[in-house]
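Below is one structure, written out as structure tokens, with a few remarks after it.
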Amino acid sequence: MIKLAVYGKGGIGKSTVTSNLAAAFALKGYKVMQIGCDPKADSTINLLHGDPVTPVMNYMREYDEEPGIDDIIRQGFGGVYCVEAGGPTPGIGCAGRGIIATFNLLDDLRVFEKFQPDIVLYDVLGDVVCGGFAAPIREGYAEDILIVTSGEKMALYAANNIKTAVNNFADRGYAKVRGIVFNHRNVENEEAKVLEFAENAGIPVVGEIPRSREILEFEDKGMTVVEGAPDSEIAGAFFALADRVLKDHECRENE
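Under my numbering, think of the first position of the sequence shown as 976, with each following residue one higher.
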């Protein structure tokens, strides 16, 4: 099983990258699960045609009993299993704890054993790297990490924080950063800035997503561009990223 966490600054496009990557894997014939670990609970919405799944934390606030699998998991495009952790009532509680509570619930319900996905994607907010948001990499859920960034200053700042957090766990056998996904924003000297960061960090750039109106057009329709225009150039960038993830994983398995 490939267990991949996608981190990045809020608003950098990590949910777009993650959901399109999930769709690309699904079209390649893999059984995929995507788990949104952001309080906004919007990671999987474009796999579900704009009709969101009930976030785990929302269900727990509304009902006294523990949710069942059918209450918190729905299949979206390509059969992707969609889960959203959600978060606490705004201004009250800790969003990181919501992630931990969601993971504990998934374990209790034996979700991974039941569905046996080939690939699990965790979409994680990267502005905050507290214990809760680091749970996917600390608790053994994810093995590999991709960092989504542009050449914008705060995106690179968040990317560096994520790298630093992972480095702090380097001697514990936790997840490792496997690559950077360069999500273009067309800022000045953007490519040079991202490549310089990647070189200094010792992390390869494994995918590039050009700035594209098609992504926005299909997201307005509640779709990924991989679903809406699978033969387009921009969809090809996500298929290329999927191929790179698969190839790198296979290489490590054969080492």
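No residue lacks a Cβ here, since even glycine has one placed at the ideal position from N, Cα and C.
From a predicted model like this one, the values you see are computed outputs, not experimental measurements.
Item, Value
"What's the C-alpha gap between leucine 1170 and valine 981?", "19 Å"
"For alanine 1117, I'd like the list of residues in its chain whose CB is within less than 7 Å of its CB, leaving aside the five on either flank, ordered along the chain.", "Lys978, Leu979, Ala980, Tyr1097, Pro1111 and Ala1150"
"DSSP state of alanine 1060, grouped into three classes?", "coil"
"In the DSSP assignment, what residue or residues form a beta bridge with leucine 1096?", "Leu979 and Gln1009"
"Would you be able to state if there are at least three C-beta pairs under 8 Å between the stretch 1127-1144 and the stretch 989-1003?", "no"
"Is the beta carbon of glycine 983 closer than 8 Å to that of glycine 1062?", "no"
"In angstroms with no decimal places, state the Cα-to-Cα distance between alanine 1130 and isoleucine 987.", "7 Å"
"Using 10 angstroms around the beta-carbon of asparagine 1158, count the other beta-carbons present and answer buried if the total reaches 16, otherwise exposed.", "buried"
"Quick one: Cα of lysine 1168 to Cα of aspartate 1046, how far?", "44 Å"
"Return helix, strand or coil for aspartate 1119, following the three-state DSSP convention.", "strand"
"Quick check on the DSSP output: what are the complete alpha helix (DSSP H) runs of length 4 or more inside the stretch 1170-1218, in order along the chain?", "1188-1194 and 1200-1203"
"For arginine 1085, report the span of its alpha helix (DSSP H) as first-last.", "From DSSP, arginine 1085 is part of no alpha helix (DSSP H); its letter is neither H nor E."
"Excluding the 5 residues preceding and the 5 following valine 1031 in the sequence, name in chain order all residues of the same chain whose CB lies nearer than 8 Å to its CB.", "Pro1042, Ile1047, Val1058, Glu1059, Ala1060, Gly1061, Gly1073, Ala1076, Thr1077 and Leu1080"
"Could you check how far apart the C-beta atoms of methionine 976 and valine 1162 are, in whole angstroms? I think they sit under 8 Å.", "37 Å between Cβ atoms; not a contact."
"Over the uninterrupted alpha helix (DSSP H) stretch that includes valine 1031, give me the two end residues.", "1031-1037"
"Give me whichever residues DSSP pairs with lysine 1151 in a beta bridge.", "Asp1119"
"Note down the Cα distance separating lysine 1089 from isoleucine 1155, rounded to an integer number of angstroms.", "32 Å"
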